[in-house]
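What follows is a short report on a single structure.
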Amino acid sequence: MDVLVLMGSPRRNGNTAALLAPFCAELARRGWGHETVWLYEKAIAPCTACRTCQKDWSGFGCATHDDAYALFDRVLACDLLVLATPIYSWYCTPPMKALLDRFVYGMNKYYGAEKGPALWAGKRVASIVTCGYPPKKGADLWEAGLKRCCKHSRLVYAGMLAERHMGYDVPFMDEEKARHAAAFAAKLCGEK
Ligand SMILES: Cc1cc2nc3c(=O)[nH]c(=O)nc-3n(C[C@H](O)[C@H](O)[C@H](O)COP(=O)(O)O)c2cc1C
594 MDVLVLMGSP RRNGNTAALL APFCAELARR GWGHETVWLY EKAIAPCTAC
644 RTCQKDWSGF GCATHDDAYA LFDRVLACDL LVLATPIYSW YCTPPMKALL
694 DRFVYGMNKY YGAEKGPALW AGKRVASIVT CGYPPKKGAD LWEAGLKRCC
744 KHSRLVYAGM LAERHMGYDV PFMDEEKARH AAAFAAKLCG EK
């Protein structure tokens, strides 16, 4: 099985990366392949609502030729998409939001003269987040938005792991969080 992790943290050694490590280790232990793409290192322009993508039902069709093209193909090819992000202002970080906007239009051919297909229909999507507030108040709006996006796009929402960052002077990672991350990977592997 092929897992694509889209990583929305700008911090290579940050909390989200630390939480992702035991998750990926568990995937590997179970023989699942995975690739992590760091979105801050990619060129992903915001959607400009030109709707050029709506005229092409066979692929992305986006008028902006940047790294979102390769990511579009990569998302279509994977078995499980994992959106890993720190919560910024109650949602994902800007490059992930820009990519989601590009995909909500480029993947879903709903917005042209006639309603077309959702090219990514049936894809499983999970999320791993870290946040400063308790997850019920820090990650709830992101999860609600992602669930709505999945329903709208005919994706299969597979769940979220959210862990709290207690402050910059407190070490983020501990054994309990590592256990949660490994258990989340095991759950996702078990569902297939
Ligand atoms: C600009 C900014 C905005 C943030 N907004 C929120 C927020 O709305 N809710 C929340 O719970 N935490 C918020 N946080 C805290 C981060 O989500 C938290 O520190 C996270 O663990 C950082 O992950 P990283 O080390 O991978 O960057 C914010 C942090 C930053 C830098």
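Residue numbering for the sequence shown follows our numbering, beginning at 594 and increasing consecutively.
A virtual CB, placed ideally from N, CA and C, is assigned to each residue, including glycine.
The secondary-structure analysis by DSSP pairs L674 across a beta bridge with L597, V718. The C-beta of N701 has 16 or more other C-beta atoms within 10 Å across all chains shown, which makes the residue buried. In the three-state reduction of the DSSP assignment, A706 falls in the coil class, being assigned neither a helical nor a strand state.
Buried is the label assigned to Y698, since at least 16 other Cβ atoms lie within 10 Å of its Cβ. The C-beta distance from L693 to L664 rounds to 11 Å, too long to meet the 8 Å contact threshold. Counted as a single uninterrupted DSSP element, the beta strand (DSSP E) harbouring H627 occupies residues 626-631. When the beta-carbon positions are compared, A776 and V722 stay at least 8 Å from each other. Judged by pairs of C-beta atoms under 8 Å, the stretch 643-657 does not touch the stretch 605-619, as fewer than three such pairs exist. Judged by DSSP in its simplified three-state form, N606 adopts coil rather than helix or strand. As computed with DSSP, Y750 is found in a beta bridge with V718.
In the displayed model, Y684 falls within a strand according to three-state DSSP. CA-CA distance, V596 to D762, rounds to 33 Å.
DSSP places A755 within a strand segment (E or B) once states are collapsed to three.
In chain order, L673, V749, A751 place their CB closer than 6 Å to the CB of R717, counting only its own chain and leaving out the 5 sequence neighbours on each side. Sequence-distant partners of A778 (beyond 5 residues in either direction) whose C-beta falls short of 6 Å from its own C-beta, in its chain, are F616, E619, L620. When distances are taken from the beta-carbon of H773 to the heavy atoms of ligand 1, even the shortest one reaches 7 Å or more. For ligand 1, no non-hydrogen atom lies closer than 7 Å to the CB of Y662. Under DSSP, T723 shares a beta bridge with P679, E756. Set against 7 Å, the gap from the CB of G725 to the closest heavy atom of ligand 1 is smaller.
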